[in-house]
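Using numbering that gives the first Met the number 0, you'd call the opening residue of the sequence shown number 0 and step up by one each time.
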Amino acid sequence: MKETGWFKELLEAAMIGMVMFIAIQAALVNFRVEGSSMQPTLLPGHYLMVNKLVYFQLDTHRLGMIIPFWQPAEPGEVYLGRTPRRGDVVVFDYPEDPRRQFVKRIIGEPGDRVSIDAGRVSVNGTALGEPYLTELGRSSMHVVALDDDEYFVMGDNRRGSQDSRHWGPLPSDHIIGKVWAVYWPRSAWGFPR
């Protein structure tokens, strides 16, 4: 009789552990910084915890077909958390090779007009304050108008970053998630801004 009790508890603990493991895997992904494009914010060898749920989109039309007696007010895509915003550091599938992932900072949001003059970035005609930069770089770029599903991303190390200046706007469906924390090495632990 007692043997059944401990076995049942062990089975329950294993099930709870399995559910927690699956939930964490669905919500977070690990990412290792490979290059120097995000210096000084992120350095090569930093390990990042990336939140996938913050930008997760629900299709309310499909959800309305699954949930009985519920109809969405406006069918379409709805973010579980929020949309990506200017200043967010994100991990995404590289548009020219989706098997590779990059980490960059969002500079322009859907509908924005982004330009660069001698390293100074302007969004919708207003100079962007970028306190995370140690130097501006020298690049210039004519105005790029972003579509409703595009973002403009750049590395914090402007001289050493392949980003939207080189390969164009980032489609929103390529974004994996928002960098939440640096967890390794211990000396770098923190929340990137």
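The C-beta atom is built at its ideal place from N, Cα and C for all residues, glycine as well. As the structure is a prediction and not an experimental result, all values here were calculated from the model.
Next item on the list: Would you kindly report the start and end of the unbroken beta strand (DSSP E) that includes R119?
Entry: For the purposes of this step, residue 119 is identified with residue 120 of the sequence shown, where counting begins at 1. That run of the beta strand (DSSP E) goes R119 to V122.
Next item on the list: Take the Cβ of V18 as the centre, count every other Cβ of all protein chains shown within 10 Å, and call the residue buried at 16 or more, exposed below.
Entry: Taking the first residue of the sequence shown as 1, we reach residue 18 at position 19. Classification of V18: exposed, given that the 10 Å Cβ count is below 16.
Notebook entry, point to check: DSSP puts A144 in a beta bridge; with which residues?
Noted result: As a working mapping, residue 144 is identified with position 145 in the sequence shown. DSSP lists R112 as partners of A144.
Next item on the list: Could you pull out every residue in the same chain whose Cβ sits closer than 7 angstroms to the Cβ of A117, ignoring the five residues on either side in sequence?
Entry: Start at 1 with the first residue of the sequence shown, and residue 117 comes out as number 118. R137 and S139.
Next item on the list: Could you tell me whether the Cβ atoms of W179 and N29 are closer together than 7 angstroms?
Entry: Your numbering for residue 179 matches position 180 in the sequence shown. Your numbering for residue 29 matches position 30 in the sequence shown. Result no, Cβ atoms of W179 and N29 do not sit closer than 7 angstroms.
Notebook entry, point to check: Tell me, which residues are paired with M153 by DSSP?
Noted result: Along the sequence shown, read from residue 1 onward, the residue named residue 153 stands at position 154. According to DSSP, which records beta bridges pairwise, M153 is partnered with R104.
Checklist line | W166: first and last residue of the uninterrupted alpha helix (DSSP H) it sits in | finding: Locating residue 166 in the sequence shown gives position 167, counting from the first residue. Taken as a continuous stretch (DSSP letters only), the alpha helix (DSSP H) holding W166 covers S163 to W166.
Checklist line | Distance, F55 Cα to I23 Cα | finding: Locating residue 23 in the sequence shown gives position 24, counting from the first residue. Locating residue 55 in the sequence shown gives position 56, counting from the first residue. Distance between the alpha carbons of I23 and F55 is about 14 angstroms.
Next item on the list: Compare the beta carbon distance of L52 and A26 with 7 angstroms and say whether it is the shorter of the two.
Entry: By one-based count along the sequence shown, residue 52 stands at place 53. By one-based count along the sequence shown, residue 26 stands at place 27. Cβ distance < 7 angstroms, so L52 and A26 count as in contact.
Note to self: Which residues does DSSP list as the beta-bridge partners of D92?
What the structure shows: Residue mapping note: residue 92 aligns to position 93 of the sequence shown, counting from 1. For D92, which the question treats as bridged, DSSP gives the partners Q100.
Check: Would you call the stretch 3-13 and the stretch 121-128 in contact, with 3 or more CB pairs under 8 angstroms?
Finding: no
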